[in-house]
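Worksheet for the structure shown next.
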Amino acid sequence: MAANSPTIPYLIVIFLTYISRLMPTLGNPNPWTNLLPAKLQTLQVANRLRDDPDAIKLASTDYGNIVREIPAAVLYPSSVNDIASLIKFAHTSSTPFTIAARGQGHSVRGQAMARNGVVVDMTSLKNHRNGYGITVSWSPSMGFYADVGGEQLWVDVLHATLEHGLAPVSWTDYLYITVGGTLSNAGIGGQTFRYGPQISNVYEMDVINGKGDFVTCSPQKNTKLFHAVLGGLGQFGIIARARIVLEPSPKRVKWVRMLYNDFSAFARDQEHLVSINGRKQKNALDYLEGLLLMDQGPPDNWRSSFFPLSDHSRIIALVTKYGIIYCLEVAKFYDDRSINSVDKELQNMFEGMSFIPGYKFEKDISYVDFLNRVRSGELKLQSQGLWDVPHPWLNLFVPKSQISDFNSGVFKDIVFNRNITTGPVLVYPLNRSKWDDRMSAVVPDEDVFYTIGFLHSSGFDDWKALDVLNKEILLFCYNAGIEVKQYLPKYYRTKEEWKKHFGKKWRTFQERKYQFDPKMILSPGQRIFNDN
10 MAANSPTIPY
20 LIVIFLTYIS
30 RLMPTLGNPN
40 PWTNLLPAKL
50 QTLQVANRLR
60 DDPDAIKLAS
70 TDYGNIVREI
80 PAAVLYPSSV
90 NDIASLIKFA
100 HTSSTPFTIA
110 ARGQGHSVRG
120 QAMARNGVVV
130 DMTSLKNHRN
140 GYGITVSWSP
150 SMGFYADVGG
160 EQLWVDVLHA
170 TLEHGLAPVS
180 WTDYLYITVG
190 GTLSNAGIGG
200 QTFRYGPQIS
210 NVYEMDVING
220 KGDFVTCSPQ
230 KNTKLFHAVL
240 GGLGQFGIIA
250 RARIVLEPSP
260 KRVKWVRMLY
270 NDFSAFARDQ
280 EHLVSINGRK
290 QKNALDYLEG
300 LLLMDQGPPD
310 NWRSSFFPLS
320 DHSRIIALVT
330 KYGIIYCLEV
340 AKFYDDRSIN
350 SVDKELQNMF
360 EGMSFIPGYK
370 FEKDISYVDF
380 LNRVRSGELK
390 LQSQGLWDVP
400 HPWLNLFVPK
410 SQISDFNSGV
420 FKDIVFNRNI
430 TTGPVLVYPL
440 NRSKWDDRMS
450 AVVPDEDVFY
460 TIGFLHSSGF
470 DDWKALDVLN
480 KEILLFCYNA
490 GIEVKQYLPK
500 YYRTKEEWKK
510 HFGKKWRTFQ
520 ERKYQFDPKM
530 ILSPGQRIFN
540 DN
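Take the sequence shown: its position 433, counted from the start at 1, is 442 in the numbering used here, and no numbers get skipped.
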């Protein structure tokens with residue numbers, strides 16, 4: 010066991026918490042009733058509530074490994090009816106309690122936690138036949154689509170749809186997270202510039218709102234709930250099923266990285282590529298991201314193993330010379346029909362670009378291996394005990410007009426000079442036209458904006474230094490007048506900060522909360538309406 014492992018002291022905390030709850034209720038088979046309404050034990054769902062140390066420990070932490078919030082109990086539902094019954098009881102109770110849905114717990118700041126409330130373990134639905142599962146269908150109006158349980162992992166959606174020669178069009182970089190989880194935020198990645206976020210690729214949903222009502226919604230039916238839930242941070246309902254857009258799947262991927270020492274050239278080429286590659290355009294790019302290479306050891310990270318080992322020394326020398334190297338990463342998907350034209354199409358697309366001559370690298374891999382490229386790095390870190398560590402991430406959307414100021418003030422003056430960044434730093438542009446403004450997700454007002462991801466990993470003793478770095482970045486943006494929006498927001502603590510975050514959407518967001526969750530039951534870990 011690592012010297013800095015929190016397992017032993019944390020188990021002691023859980024044990025003492027459990028004992029403190031048990032003392033007033035000795036002989037009571039359901040000690041959680043001391044914190045939750047006693048009438049809850051009369052419901053059929055009561056036998057699927059657990060408050061043993063193992064259940065409580067899992068629901069008290071997340072991927073971020075920073076926040077600890079101890080719930081009163083954890084629900085392991087056997088069907089969506091169990092979830093609806095629990096929410097309806099909380100809504101009608103004279104003493105309402107909070108409820109949070111937890112998928113894989115891949116949040117980083119306690120967003121899926123419920124202190125003294127109930128955490129719903131959504132993955133429990135996968136163990137029962139009466140769940141939604143994953144089914145593929147076709148209709149004249151929608152074409153091919155997949156009906157997917159909110160608890161399903163995207164990697165399982167990938168494999169299930171590929172059996173039909175189909176696949177979703179918009180992906181996150183990491184596939185071992187749930188459909189309900191990403192749709193509650195937005196779901197962004199390298200395909201977003203072309204196909205939009207995952208929330209822009211949903212035809213229909215079944216949602217359990219904050220009153221316990223089971224509602225089917227779409228752009229044509231119960232539209233307010235549909236738009237509220239997508240990107241709604243779990244505030245309006247729990248996603249039980251989503252109908253996902255499918256298109257014919259490719260077989261292989263041409264994956265290219267190009268290096269830049271000049272940010273202006275890097276940004277100009279990125280913006281050019283996202284502007285000429287529309288969703289319906291033939292021969293377009295399918296993926297575009299960018300990242301920083303800095304003096305952090307080998308020029309690889311957990312996202313992928315890409316650069317040839319024989320080139321590591323000259324890439325490191327480049328980083329040493331310039332301090333920061335900007336890496337443009339693109340991919341084009343192809344199949345047997347386009348195998349003879351894909352190279353020429355990429356060559357034409359790259360003409361006139363300003364990357365450093367001799368620093369273009371290419372791989373040809375399977376479609377599945379490309380989408381699941383993070384997995385091998387995850388397994389390696391798990392084997393080294395380096396996966397379950399603090400992850401004080403900061404994810405931002407920055408307007409295109411201010412990205413140069415952000416580069417100068419943050420990448421160069423703060424991140425590079427402080428030299429404490431540990432983990433990938435992503436930077437790539439998105440098209441606002443691919444986002445539906447009726448949905449709850451918030452992005453900058455400009456036609457093009459950048460997503461910036463500081464994906465820090467740290468030891469248990471030094472994550473606070475990275476947290477200070479994040480706050481320094483946010484303070485710089487505030488003082489410089491850079492109108493950033495947080496993605497996976499976590500630094501907001503007051504209602505006024507949330508109002509500023511949502512901007513012109515705040516009034517609608519608040520009205521939707523009063524309509525669909527008037528008792529403020531759902532997702533208290535976001536700290537929007539609950540002083541948690």
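By construction, the Cβ of each residue, glycine as well, lies at the ideal position given by its N, Cα and C atoms. All figures in this text were calculated on a predicted structure; none of them were measured in a lab.
query                                                                                                                      : result
Straight-line gap, K494 to N488 (C-alpha atoms, nearest Å)                                                                 : 15 Å
Per DSSP, the bridge partner or partners of T460                                                                           : F406 and Y437
Three-state secondary structure (DSSP) of W396                                                                             : coil
Proximity to G114 [Cα-Cα], best of L58, V76 and P149                                                                       : V76
Supposed contact pair Y296 and K443 - C-beta distance, whole angstroms, cut 8 Å                                            : Actually they do not touch by this definition, with Cβ atoms about 14 Å apart.
Neighbour-count burial assignment, R516, 16 or more Cβ in a 10 Å radius                                                    : exposed
Under 8 Å between C-beta atoms of G112 and T144                                                                            : no
Assigned secondary structure, L49 (DSSP; H/G/I helix, E/B strand, else coil)                                               : helix
Sheet register partners of T144 (DSSP bridge)                                                                              : D156
For V262, the first and last residue of its enclosing beta strand (DSSP E)                                                 : R261 to Y269
W147 burial status per 10 Å Cβ neighbour count (16 or more: buried)                                                        : exposed
V424 versus G198 - alpha carbon distance                                                                                   : 23 Å
For V407 and N349, the rounded distance between their alpha carbons                                                        : 38 Å
Runs of alpha helix (DSSP H) wholly within the segment 62–126 (minimum 4 residues, chain order)                            : 62–68 and 89–101
Exposed unless 16 or more other CB atoms sit within 10 angstroms - verdict on M214                                         : buried
Cα-Cα separation, P259 to Q244                                                                                             : 36 Å
Pick from I333, Y459, A99 and Y343 that is closest to D222, judged by C-alpha positions                                    : A99
Beta-carbon spacing of Q207, T232 below 8 Å                                                                                : no
Sub-8 Å separation of L388 and L435 beta-carbons                                                                           : no
Span separating the alpha-carbon of A293 from that of T101                                                                 : 53 Å
Burial state of P527 (16 or more Cβ within 10 Å)                                                                           : exposed
Beta-carbon proximity list for G219, same chain, < 6 Å, skipping 5 on both sides                                           : F525, D526, I530 and L531
Per DSSP, the bridge partner or partners of M448                                                                           : M448 pairs with nothing; no bridge assigned.
Per-residue DSSP class, three states only, for R536                                                                        : coil
When W163, P80, R277 and Y72 are compared against V129, the one with the closest alpha-carbon                              : P80
Rounded separation between A474 and R346 - CA only                                                                         : 51 Å
Whether T170 touches P177 by CB criterion (8 Å)                                                                            : yes
Boundaries of the alpha helix (DSSP H) in which N488 is found, first to last residue                                       : W472 to A489
Short Cβ contact (8 Å threshold) for Y335 with L301                                                                        : yes
Chain-order list of residues whose beta-carbon lies under 6 Å from that of T104 (same chain, five-residue window excluded) : P46
One or two residues paired with T187 in a DSSP bridge                                                                      : L162
Bounding residues of the beta strand (DSSP E) (the contiguous stretch that carries Q495)                                   : K494 to Y496
Three-state secondary structure assigned by DSSP to L255                                                                   : coil
Three-state secondary structure (DSSP) of G246                                                                             : strand
Classification of P228 by the beta-carbon crowding that lies within 10 angstroms, buried from 16 upward                    : exposed
Cα-Cα separation between D320 and A326, rounded to whole angstroms                                                         : 10 Å
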